[in-house]
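One structure is given here, and the rest of the page talks about it.
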Amino acid sequence: MNIIYLDAMNNEDKYKNLKAELEKNEVWPLVYMFKFIIPADNKNLALVRSKFTDQSVITQKESANGKYISITAKEVMLSADSIIDKYKEMETIEGLMAF
Numbered sequence: 201m202n203i204i205y206l207d208a209m210n211n212e213d214k215y216k217n218l219k220a221e222l223e224k225n226e227v228w229p230l231v232y233m234f235k236f237i238i239p240a241d242n243k244n245l246a247l248v249r250s251k252f253t254d255q256s257v258i259t260q261k262e263s264a265n266g267k268y269i270s271i272t273a274k275e276v277m278l279s280a281d282s283i284i285d286k287y288k289e290m291e292t293i294e295g296l297m298a299f
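Numbering (this note's numbering), first residue to last: 201 to 299.
So, in structure tokens, the structure goes:
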């Protein structure tokens, strides 16, 4: 699957395009890898982590200059809509960039 930079699109198109890509997958559920970058801030980090289950595998890496944190979260998702719902849930986190 291609990486889609969600923040670069308007709200209407970004989820429509993502859903079309995701629906090409014929096997559900699947382990989906979410990738985010946030400003290095403990509050934002806690907010991102709180949006995932205990079964999710979450890794993080601080940028070289310490200004940002890259977060990768792998979680079992049941459908394309459940993935889109997760991205919509993340939109409330200030400064978050989704890939």
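Glycine residues also receive a C-beta, built at the ideal position from the N, C-alpha and C atoms.
The structure presented is a predicted model; accordingly, all values stated were derived computationally and were not measured.
To the nearest angstrom, how far is it from the Cα of residue i to the Cα of residue j?
| i | j | result |
| --- | --- | --- |
| Ala264 | Leu218 | 30 Å |
| Asn225 | Ile293 | 28 Å |
| Ile258 | Ile271 | 7 Å |
| Ala274 | Ser256 | The residue you asked about is not Ala; residue 274 is Lys in the sequence shown. The straight-line gap from Cα to Cα measures roughly 6 Å. |
| Lys214 | Asp285 | 13 Å |
| Lys235 | Asp254 | 17 Å |
| Leu222 | Gln260 | 24 Å |
| Val187 | Val227 | Within the shown structure, residues of the chain are numbered from 201 to 299, placing residue 187 beyond reach of any answer. |
So, is residue i buried or exposed, given that buried needs 16 or more other C-beta atoms within 10 angstroms?
| i | result |
| --- | --- |
| Ala246 | exposed |
| Ala280 | buried |
| Leu278 | exposed |
| Ala298 | buried |
| Val248 | buried |
Return yes when at least one heavy atom of the ligand FMN lies under 7 Å from the C-beta of residue i, else no.
| i | result |
| --- | --- |
| Lys224 | Ligands displayed in this structure: none; no statement on the ligand FMN is therefore possible. |
According to DSSP, is residue i helix, strand or coil?
| i | result |
| --- | --- |
| Val227 | coil |
| Ala263 | Contrary to the premise, residue 263 reads as Ser rather than Ala in this sequence. Correct three-state label for Ser263: coil. |
| Lys235 | strand |
| Ala298 | strand |
| Ile293 | coil |
Relative to the alpha-carbon of residue i, which residue among the options has its alpha-carbon at the smallest distance?
| i | options | result |
| --- | --- | --- |
| Tyr287 | Ala240, Tyr232 and Gln260 | Tyr232 |
| Leu296 | Glu223, Asn244 and Leu230 | Asn244 |
For residue i versus residue j, is the C-beta distance shorter than 8 Å?
| i | j | result |
| --- | --- | --- |
| Ile283 | Ala240 | no |
| Lys251 | Glu289 | yes |
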